[in-house]
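Going letter by letter, the sequence shown gives residues 0 to 345 in numbering that gives the first Met the number 0.
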Amino acid sequence: MKKRPIIGITMGDPAGNGSELSVKVLLDKKVYETCRPIIIGDANCMEAIVKILKKENDIKIHTVKNVKDAFFEYGTIDVYDMGMVNMEKHIYGKVSKMCGEAAFQYVVKVIELAINGDIDATVTNALNKEAINMAGHHYSGHTEIYADYTHTDKYTMMLAHEDLRVVHVSTHVSLRQACDKVKKARVLEVIRIANEGCKAIGIENPKIGVAGLNPHSGENGLFGTEEIEEIQPAIDEAIAEGICIPEGIPTPPDTIFSKALGGWYDIVVAMYHDQGHIPLKVEGFHYNKELKKWDAVSGVNITLGIPIIRVSVDHGTGFDLAGKGISSELSLANSIDYAIRLASNK
Numbered sequence: 000m001k002k003r004p005i006i007g008i009t010m011g012d013p014a015g016n017g018s019e020l021s022v023k024v025l026l027d028k029k030v031y032e033t034c035r036p037i038i039i040g041d042a043n044c045m046e047a048i049v050k051i052l053k054k055e056n057d058i059k060i061h062t063v064k065n066v067k068d069a070f071f072e073y074g075t076i077d078v079y080d081m082g083m084v085n086m087e088k089h090i091y092g093k094v095s096k097m098c099g100e101a102a103f104q105y106v107v108k109v110i111e112l113a114i115n116g117d118i119d120a121t122v123t124n125a126l127n128k129e130a131i132n133m134a135g136h137h138y139s140g141h142t143e144i145y146a147d148y149t150h151t152d153k154y155t156m157m158l159a160h161e162d163l164r165v166v167h168v169s170t171h172v173s174l175r176q177a178c179d180k181v182k183k184a185r186v187l188e189v190i191r192i193a194n195e196g197c198k199a200i201g202i203e204n205p206k207i208g209v210a211g212l213n214p215h216s217g218e219n220g221l222f223g224t225e226e227i228e229e230i231q232p233a234i235d236e237a238i239a240e241g242i243c244i245p246e247g248i249p250t251p252p253d254t255i256f257s258k259a260l261g262g263w264y265d266i267v268v269a270m271y272h273d274q275g276h277i278p279l280k281v282e283g284f285h286y287n288k289e290l291k292k293w294d295a296v297s298g299v300n301i302t303l304g305i306p307i308i309r310v311s312v313d314h315g316t317g318f319d320l321a322g323k324g325i326s327s328e329l330s331l332a333n334s335i336d337y338a339i340r341l342a343s344n345k
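Now the structure itself:
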């Protein structure tokens, strides 16, 4: 058996459900059979959740200040303790400067550990954008933090749920700005990143679908010219480089994801945030209206183009669920699985 990769998992915003998800996912012995997990966060928050879940007899928190001191044994959760949270001021579900600062520093630390080679891959629980900005860190999300701290200019996020994968030309900008960002150079860049991203998870000859921006992909210029002027030239150049884009043209956004689910593509290049996020979450998020609870919150977010491995849950901080012991750890489990695949193929 190959050596189990060390996976650094950030706790996320301490006021959210990341600590609960971390404990729940590490209650599964199979995780320890495939990797060596370590939580980057606050030990006191993790201990509080163990008590809320009434798992004191099953799980012990082991505090470390160095990855080398971790046990990596089932029944013990190793926590790289950052000491950022005062539990007397800690409130589940409340945006705060303290929790924003903590969540941000967890991310900075896990990036540092990965760059230094102390861990093989990083997995992130959700942070709250308002909270980190309140703490003075003006980023729109994890992806931008990773890009900044790894000094990366060319990057994108990939969302994945089972065999449905999506990358984006733009993400955290307004819809008006997103349309302006559909330029040949960026579309081509993302096609290339999508191709390499699929290869990184073991797909030898990726098939890539490229979405149009406008209804019906512009209908030959009737509903917009971005497909003709920007997207098609990017597709033509990508094909000339040997990248497989089966249809060779921008595919209408209202059919491309159905085709992807049918196996036409290994990955879809979406033109903006919601164009890619909505179909992924329709597939991965299932709400039980009779029981009034989420049966599944699955899917992962992978940052492509950076020099380290980063996979994240594809949901928010769960402030409305935090501290109640009812959150689903499925997305975190999926994220760890993807991180292991990426580390194994690196």
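Here a beta-carbon is modelled for each residue, glycine too, at the ideal position from N, C-alpha and C. Source: prediction; values computed, not measured.
Straight-line gap, residue i to residue j (C-alpha atoms, nearest Å)
i: K348; j: I244; result: In this structure the chain extends from 0 to 345, so residue 348 is not present and cannot be described.
i: M0; j: S343; result: Confidence in M0 is poor, its pLDDT being 39 and thus under 50, which makes the residue's placement too unreliable to answer from.
i: P205; j: D117; result: 31 Å
i: G283; j: D313; result: 9 Å
i: N56; j: I308; result: 34 Å
i: M45; j: A193; result: 36 Å
i: V24; j: E240; result: 42 Å
i: E236; j: E228; result: 13 Å
i: N287; j: D294; result: 6 Å
i: G346; j: V172; result: The structure shown does not extend to residue 346, since the chain is modelled only from 0 to 345, so the question has no answer here.
i: G217; j: V84; result: 51 Å
i: G140; j: D179; result: 21 Å
i: V30; j: A113; result: 20 Å
i: E188; j: K153; result: 8 Å
i: A120; j: A332; result: 14 Å
i: H136; j: V122; result: 20 Å
i: L174; j: Q274; result: 10 Å
i: K96; j: S330; result: 26 Å
i: M270; j: D27; result: 38 Å
i: K67; j: H61; result: 13 Å
i: V427; j: F70; result: Residue 427 lies beyond the stretch modelled for the chain, which goes from 0 to 345, so this question has no answer here.
i: I234; j: P251; result: 14 Å
DSSP beta-bridge partners of residue i
i: P36; result: I6
i: C243; result: K206
i: V122; result: I8, V310
Residue i versus the options, residue with shortest Cα-Cα distance
i: G208; options: V22, E111, V166; result: V166
i: G7; options: I58, P252, V299, N124; result: N124
i: T155; options: V186, K128, M133, E161; result: V186
i: A199; options: I248, T254, I266; result: I266
i: I110; options: N132, T149, G99; result: T149
i: N115; options: N65, K280, M157, E19; result: N65
i: D319; options: A14, R3, P4, T9; result: A14
i: Y105; options: M133, A69, I37; result: I37
i: V94; options: S330, A321, L341; result: A321
i: K280; options: V268, N300, K292; result: N300
i: F256; options: T121, K59, E225, I277; result: I277
i: K292; options: E225, G324, G261; result: G324
i: I39; options: Y138, S21, K54, E32; result: S21
i: A101; options: G74, D336, A134; result: A134
Bounding residues of the beta strand (DSSP E) (the contiguous stretch that carries residue i)
i: H160; result: 155 to 160
i: T142; result: Careful: T142 lies outside any beta strand (DSSP E), inside the alpha helix (DSSP H) at 141 to 148.
i: K59; result: 59 to 63
i: S95; result: Where S95 is concerned, there is no enclosing beta strand (DSSP E), given that its DSSP letter is neither H nor E.
i: I76; result: 75 to 80
Contact with chain B by residue i, beta-carbon distance below 9 Å
i: Y105; result: The question asks about chain B, but that chain is absent: this structure has only one protein chain.
Range covered by the alpha helix (DSSP H) that runs through residue i
i: N43; result: 42 to 51
i: A14; result: Run containing A14: none; DSSP gives neither H nor E here.
i: N132; result: 128 to 133
In the segment 250 to 279, which residue ranges form an unbroken beta strand (DSSP E) of at least 3 residues, counting only runs that do not cross its ends?
266 to 269
Alpha helix (DSSP H) runs contained entirely in the segment 163 to 242, provided each spans 4 or more residues
174 to 179, 183 to 199, 231 to 239
Please list the segments of the beta strand (DSSP E) lying wholly inside the segment 269 to 341, counting only runs of 3 or more residues, in order along the chain.
284 to 287, 292 to 296, 299 to 303, 309 to 312
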